[in-house]
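I have placed the structure first, in the form of structure tokens, so that the comments after it can refer back to it.
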Amino acid sequence: MPLTAKLLHLDLNARQSRVEEVPENIVRRHLGGGAMAAWLLLRELKPGVDPLGPDNVLVFMTSVINGLSLSGTNRYTAAAKSPLTGGYGESEAGGWWGPELRAAGWDGVVVHGRAEAPTYVWIKDDKVEFRDAGAYWGKLSGEVQDGLEAELGDKRIRVMQCGVAGEKLVRFAAIVNQLKHFHGRSGLGAVMGSKNLKAIVVRGSKPPAAVDKDEAKNKLVWFKGHYDRAKDRFHQLGSSSGVLALEASGILPTRNFRDGSFEGAREISGQKMRDTILTDRGTCYACAVACKREVEVKELGVTPKYGGPEYETLAASGSLCGVSDLNALALINQLHAQYVLDSISTGAVTAFAMECWEHGIITPQMTGGLDLTWGNADAVIQLVHMIGKREGIGDLLAEGVKRAAEKLGKGSEKFALHVKGQELPMHDPRGKKGLSLAYALSPTGADHMEAPHDPLYAGFHPTGHSMGVLGLIEPLDPLDLDAKKVRAFFETQKVWSFYNSVGMCDFVGAPLNVMELSPLIDYINGVTGWNMSLYEAMKVGERNNTLARVFNNREGFTPKDDVLPDRMHEGIGNGALKGSLVERDKFIAARRTYYEMAGWDPETGKPTASKLAELGLTDVKA
Numbered sequence: 004m005p006l007t008a009k010l011l012h013l014d015l016n017a018r019q020s021r022v023e024e025v026p027e028n029i030v031r032r033h034l035g036g037g038a039m040a041a042w043l044l045l046r047e048l049k050p051g052v053d054p055l056g057p058d059n060v061l062v063f064m065t066s067v068i069n070g071l072s073l074s075g076t077n078r079y080t081a082a083a084k085s086p087l088t089g090g091y092g093e094s095e096a097g098g099w100w101g102p103e104l105r106a107a108g109w110d111g112v113v114v115h116g117r118a119e120a121p122t123y124v125w126i127k128d129d130k131v132e133f134r135d136a137g138a139y140w141g142k143l144s145g146e147v148q149d150g151l152e153a154e155l156g157d158k159r160i161r162v163m164q165c166g167v168a169g170e171k172l173v174r175f176a177a178i179v180n181q182l183k184h185f186h187g188r189s190g191l192g193a194v195m196g197s198k199n200l201k202a203i204v205v206r207g208s209k210p211p212a213a214v215d216k217d218e219a220k221n222k223l224v225w226f227k228g229h230y231d232r233a234k235d236r237f238h239q240l241g242s243s244s245g246v247l248a249l250e251a252s253g254i255l256p257t258r259n260f261r262d263g264s265f266e267g268a269r270e271i272s273g274q275k276m277r278d279t280i281l282t283d284r285g286t287c288y289a290c291a292v293a294c295k296r297e298v299e300v301k302e303l304g305v306t307p308k309y310g311g312p313e314y315e316t317l318a319a320s321g322s323l324c325g326v327s328d329l330n331a332l333a334l335i336n337q338l339h340a341q342y343v344l345d346s347i348s349t350g351a352v353t354a355f356a357m358e359c360w361e362h363g364i365i366t367p368q369m370t371g372g373l374d375l376t377w378g379n380a381d382a383v384i385q386l387v388h389m390i391g392k393r394e395g396i397g398d399l400l401a402e403g404v405k406r407a408a409e410k411l412g413k414g415s416e417k418f419a420l421h422v423k424g425q426e427l428p429m430h431d432p433r434g435k436k437g438l439s440l441a442y443a444l445s446p447t448g449a450d451h452m453e454a455p456h457d458p459l460y461a462g463f464h465p466t467g468h469s470m471g472v473l474g475l476i477e478p479l480d481p482l483d484l485d486a487k488k489v490r491a492f493f494e495t496q497k498v499w500s501f502y503n504s505v506g507m508c509d510f511v512g513a514p515l516n517v518m519e520l521s522p523l524i525d526y527i528n529g530v531t532g533w534n535m536s537l538y539e540a541m542k543v544g545e546r547n548n549t550l551a552r553v554f555n556n557r558e559g560f561t562p563k564d565d566v567l568p569d570r571m572h573e574g575i576g577n578g579a580l581k582g583s584l585v586e587r588d589k590f591i592a593a594r595r596t597y598y599e600m601a602g603w604d605p606e607t608g609k610p611t612a613s614k615l616a617e618l619g620l621t622d623v624k625a
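Using our numbering, the letters of the sequence shown correspond one by one to residues 4 to 625.
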């Protein structure tokens, strides 16, 4: 029986749905996730549409292995034209919604148009209803979750919602499922809000099954035999282990990336969290790693219901803003979850505002008297409310740093750290220089999940390293930015793009954890009945990157957009790597080398016709 992908198209204008069956050859070419979403957006969208207009299309895509039993395979993709960058927008989330969608018999949802009034969609197996969401509009995420569970009489429903920030069209509004699992980047919550779509609620009763159950089970046994939770830093500390690790390396983003060392690093670290406010370690569907943090600060009303801060939140609202109060950061994290905001961009626009305040560009009259001095945790808390509601100075900051700086002027542009309009994540490419390519070349704007970071490249060796199957067998210095580094980035970028397409979590897959490529591909074959090879799997990753590149080319992006903020070409102000920078000439040379490796025209940045043909994309025009 052919393995097709069953898509649910939702027409919000007409309050109607239809079914599309994507043929098996297309499914095998893309697997699902990011690659399938990019293919759909290129097919469905005309160039130049308003990201916040009714003609934008919002895609939610699972994969061929999503919803089965292997740890880490619970992730799914959201994609649309981004209101933050005006280009390709994509963001993955874990949790429970994707597996539940597959249990309901669907592989993806494609949202068209705009509802006349606030609406939520209720999917129960093959039954689809458009329902009034007026009672939930303007409510914080927890109230929406509780209200929908009560209305539908079922606490096991899976709720994906856009939040108040999405309703208010905050350009970096996120989407969340089950209050804790975020499509954080690209502003896709604003797209959802612009469509008057409050939530998509799912309940399924038919979990997917493997074609070859024995082969799939063998790989589950393989994972169980190789994974040791007691030794896994992701289980023990989650991503918050990054605070002290990056502080020691001299690249903990501090005071809007001026510095690489923060005097309060230990106070906001994962170790401090573990020893004080951590109550439990949460997980996603069928995952043994359980990397999620759950915290409680009773005096501030912080509850485990909303999880706990990841590294990006601890750094973006912590060291980047000079804040060393862990309890305050736990509250800030909860507010991000309640308004449904991207914690990276929210922290980044706050740090931007603080540096503008320091230079007199933002004044007390503009903030309503709010003091934006570095380290003022109360001000950071108030700004989350103001951004989420688009009130006062928050209305300006809700536009993101690029647009805010354009409106402010007065030299504020140099404090607006972004690529293509998307704020920098909390990793400094001046200390791991392959990351400069990830930030500049990511189709979504600056993205730290584009490829593994340089310290992992330093561990390459000829025997036993998980990336040796790609021919990466020579250790590389994190501070190098030469052709060898470009090759390592190019090859490992395909790995993580493949993960995004097949729904594998980077915190479970190699090189960050034990699930290596070969057994993962064997698992895919056991589930699908195919004979996919490593070569074919890496082509899925490359195809995803290329389709997203074509989308951006079509929207007018050129190599002039594949650049870093000027601050990345200036020395780090303090810490172990004081003075380190990304040399502009080496970066430009490395970028050109990447274009040539990727089969992109070095002058236009467009994929060549021969590259598109090699990837089976002859129907795509660059």
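Heads up, the beta-carbon is just placed ideally off N, CA and C, and yes, glycines get one too.
Residue i burial status per 10 Å Cβ neighbour count (16 or more: buried)
i, result
"T607", "exposed"
"S208", "exposed"
"N528", "buried"
"S613", "exposed"
"Q341", "buried"
"R21", "exposed"
"P568", "buried"
"A251", "exposed"
"P478", "exposed"
"N555", "buried"
"Y526", "buried"
"K198", "buried"
"N16", "exposed"
"A616", "exposed"
"T531", "buried"
"D262", "buried"
"D457", "buried"
Residues that residue i bridges to, as DSSP identifies them
i, result
"M64", "T80, G111"
"F185", "V179"
"S94", "A81"
"E23", "L10"
"I126", "V131, V205"
"P610", "W603"
"D217", "Paired residue(s): none; D217 is not in a bridge."
"H421", "E426"
"L200", "T122"
"G434", "DSSP, once it has assigned bridges, lists no residue as partnering G434."
"G141", "Per DSSP, none; premise fails for G141."
"G285", "K295"
"Y88", "Here the sequence assigns Thr to residue 88, which means Tyr is not the residue at that position. Paired residue(s): none; T88 is not in a bridge."
"T257", "D262"
For residue i, the first and last residue of its enclosing alpha helix (DSSP H)
i, result
"S208", "Careful: S208 lies outside any alpha helix (DSSP H) and carries neither H nor E."
"G150", "144–155"
"D278", "273–279"
"R236", "236–239"
"M357", "346–361"
"M389", "380–392"
"I396", "396–400"
"I335", "329–342"
"P102", "100–106"
"R252", "Contrary to the premise, residue 252 reads as Ser rather than Arg in this sequence. Unbroken alpha helix (DSSP H) run through S252: 245–252."
"T316", "314–319"
"P367", "367–370"
"K2", "Summary: the structure shown does not reach residue 2, with the chain confined to residues 4 through 625, and so no result is reported for it."
"L45", "36–47"
"E409", "404–411"
Unbroken beta strand (DSSP E) run spanning residue i, endpoints
i, result
"E297", "295–298"
"R117", "No beta strand (DSSP E) holds R117; DSSP gives it neither H nor E."
"R632", "This structure cannot speak to residue 632, because the chain is shown only from 4 to 625."
Task: Contact between the region 177–188 and the region 114–125 (3+ Cβ pairs under 8 Å) - done: Fewer than three Cβ pairs drawn from the region 177–188 and the region 114–125 lie within less than 8 Å of each other, which leaves the two stretches out of contact.
Open item on the list: Give the list of continuous alpha helix (DSSP H) stretches no shorter than 4 residues that lie fully inside the region 442–524.
Closed with: Scanning the region 442–524 from its first residue to its last, the whole alpha helix (DSSP H) runs of 4-plus residues come out as 457–460, 486–505.
Task: Sequence ranges, alpha helix (DSSP H) only - wholly within the region 518–596, length at least 4 - done: Listed in chain order, the complete alpha helix (DSSP H) runs (minimum 4 residues) inside the region 518–596 are 520–531, 537–557.
Open item on the list: Using 8 Å as the cut-off, can you tell me whether the region 219–235 makes contact with the region 130–144, which would need three or more C-beta pairs spanning the two stretches below that distance?
Closed with: Contact fails between the region 219–235 and the region 130–144, because fewer than three Cβ pairs, one in each stretch, are under 8 Å apart.
Open item on the list: Can you confirm whether the region 438–446 touches the region 264–272 when touching is taken to mean that 3 or more C-beta pairs between the two stretches lie within less than 8 Å?
Closed with: Contact between the region 264–272 and the region 438–446 is absent, because fewer than three Cβ pairs lie under 8 Å.
TODO: Could you tell me whether the region 38–47 touches the region 537–552, where touching means 3 or more Cβ pairs closer than 8 Å?
DONE: By the criterion of at least three beta-carbon pairs nearer than 8 Å, the region 38–47 is in contact with the region 537–552.
TODO: Could you tell me whether the region 379–388 touches the region 342–353, using the rule of 3 or more Cβ pairs below 8 Å?
DONE: Yes, they touch.
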